[in-house]
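Student:
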Amino acid sequence: MKTGLLEVMEQVTLYLKEYLPGYTVLKVRKKSYHPDDSHLYMVAAEKDDGTYAVWTCWNQKLKSLNHGHYGLQSKEDCEKVMDEFYYGRDLVL
1 MKTGLLEVME
11 QVTLYLKEYL
21 PGYTVLKVRK
31 KSYHPDDSHL
41 YMVAAEKDDG
51 TYAVWTCWNQ
61 KLKSLNHGHY
71 GLQSKEDCEK
81 VMDEFYYGRD
91 LVL
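Under this note's numbering, the sequence shown has 68 at position 68, and the numbering climbs by one with no breaks.
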């Protein structure tokens, strides 16, 4: 069963509401296109104080959020972090 980004965004929103109130999800992005990583995503969010955060691992199977990068100053900073931790189609293992 494939999980859509909207479903993941809904699950992350519920998670943040319970465990990290004050954050609003801005973007959900696949962590990798490797078939073994089909349940892994990255999340960018804005905090009420105007700063941003990126978590480079949302596990859709476990509904857990890990590897947070907090205190980012812009959406562009979020994109840079996500780009750094993305495993693209060109990855050779």
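In this text, a Cβ means the ideal position worked out from N, Cα and C, and glycines have one as well.
Rounded C-beta distance between LYS31 and TYR87? I'm assuming under 8 Å.
Tutor: That belief holds up - the Cβ atoms of LYS31 and TYR87 are roughly 7 Å apart, short of 8 Å.
Student: Give the straight-line distance between the Cα atoms of VAL45 and SER64, rounded to the nearest whole angstrom.
Tutor: Reading off the sequence shown, one finds Ala at residue 45, where the question assumed Val. Their Cα atoms are separated by approximately 15 Å.
Student: With which residues is LEU16 paired in a DSSP beta bridge?
Tutor: Bridge partners of LEU16: none, in fact.
Student: Which of helix, strand or coil does DSSP assign to LEU91?
Tutor: Here the model assigns LEU91 a pLDDT of 45, short of 50, so the residue's position is not dependable, and the following value carries that caveat. Three-state DSSP puts LEU91 in coil, outside helix and strand.
Student: If you count every other CB in all the chains shown that lies within 10 Å of the CB of THR24, and 16 or more means buried, which is it?
Tutor: Flag for THR24 reads exposed.
Student: Nearest to LEU62 by CA position, among SER38, ALA53, ASP49, is which residue?
Tutor: Among SER38, ALA53, ASP49, the Cα nearest to that of LEU62 is on SER38.
Student: Buried or exposed: HIS67, going by 16 or more other Cβ atoms within 10 Å of its Cβ?
Tutor: Answer is exposed; the Cβ neighbour count stays below 16.
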